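Engineer: Numbering (the working numbering), first residue to last: 56 to 282. Positions of the beta carbon are idealized from the N, C-alpha and C atoms, including for glycine. Computed from a predicted model, the values in this text were never measured in an experiment.
1) Helix, strand or coil for residue 142 per DSSP?
2) Contact between the region 203 to 223 and the region 133 to 147 is defined here as three or more beta-carbon pairs at a separation below 8 angstroms; is this criterion met?
3) In chain order, which alpha helix (DSSP H) runs of at least 4 residues are fully inside the region 159 to 218?
4) Indicate whether residue 103 and residue 244 have their beta-carbon atoms separated by less than 7 angstroms.
5) Is it the case that the Cβ atoms of residue 138 and residue 163 are separated by a distance below 7 angstroms?
6) In the DSSP assignment, the alpha helix (DSSP H) including residue 155 goes from what residue to what residue?
7) Does the beta-carbon distance from residue 129 to residue 114 come in below 7 angstroms?
8) Name, in chain order, the residues that DSSP records as bridge partners for residue 147.
9) Verify whether the separation of the beta carbon atoms of residue 198 and residue 191 is less than 7 angstroms.
10) Beta carbon of residue 161, beta carbon of residue 187: below 7 angstroms?
11) Is the beta carbon of residue 225 closer than 7 angstroms to that of residue 207?
12) Among all the DSSP beta bridges, which residues are the ones paired with residue 252?
13) Over the uninterrupted alpha helix (DSSP H) stretch that includes residue 96, give me the two end residues.
14) Start and end of the beta strand (DSSP E) containing residue 224?
15) Between residue 75 and the rest of its own chain, which residues show a CB-CB distance below 7 angstroms, the 5 nearest in sequence each way excluded?
16) Could you name the residues of the same chain whose beta carbon sits closer than 6 angstroms to that of residue 97, not counting the 5 residues immediately before and after it, in chain order?
17) Name the DSSP beta bridge partners of residue 334, please?
18) Alpha carbon to alpha carbon, what distance is there between residue 150 and residue 141?
19) Can you tell me whether residue 78 is helix, strand or coil according to DSSP?
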């Protein structure tokens, strides 16, 4: 599966580390034995049911961003081709974090290829941000302190690479504080499902159900990219 490259960002700073840890490949941190609320949040992530086009694997978790962390990477797959990919990191600080205004934080990077004409749309950044907020709202999820960036980039090839067509890419980097529930753990399974809705929409897939059509639909996509 193609893993999302690049750096995770957050207004708190420093959310760009991807260092592998021992034990569970998706879990990192130096906080000792994980507290029950973090274990419950991780188990909920592991038990979430997603649409079949989305493949999810544990990823190396950052070690220095919070006492506890768990990471996943995902790709929207069509046969042997990836339409979009992304990474989702769950951070936990039992003492709370001033910038998060909570004890948990979700951080993500989502990316996909776009038609150059679509990438040139001046409203694209606002539309992409609405895909994220709309995906959370459609699942009835409240979140605090949302922040992020939408970046579009284009590549043009010359010389020996001149036969390649120009390529455009969109990246959504974001973080938010999930509301904590009973036992202090947020409903991370629901947040993962909402995040997968965003990933599927960026990939150009139709909504999984009529109720999921609350955000703007991507009207045009570049052909699938080989894995």
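Structural biologist: Short version:
1) strand
2) no
3) Unbroken alpha helix (DSSP H) runs of no fewer than 4 residues, entirely contained in the region 159 to 218, are found at 171 to 174 and 179 to 193, following chain order.
4) yes
5) no
6) From DSSP, residue 155 is part of no alpha helix (DSSP H); its letter is neither H nor E.
7) no
8) 123 and 159
9) yes
10) no
11) yes
12) BP columns for residue 252 are empty, so no partner.
13) Per DSSP, residue 96 belongs to the alpha helix (DSSP H) from 91 to 102.
14) 222 to 233
15) Caution is warranted here: a pLDDT of 43 is assigned to residue 75, below 50, making its placement in the model unreliable, and no coordinate value can be reported.
16) The residues 125, in chain order, have a CB closer than 6 angstroms to that of residue 97 in the same chain once the five nearest residues on each side in sequence are set aside.
17) With the chain covering 56 to 282 only, the question about residue 334 has no answer from this structure.
18) 29 angstroms
19) With a pLDDT of 47 at residue 78, under the threshold of 50, the modelled position of that residue is not reliable, and the figure given next carries that caveat. DSSP places residue 78 in coil when its eight states are reduced to three.
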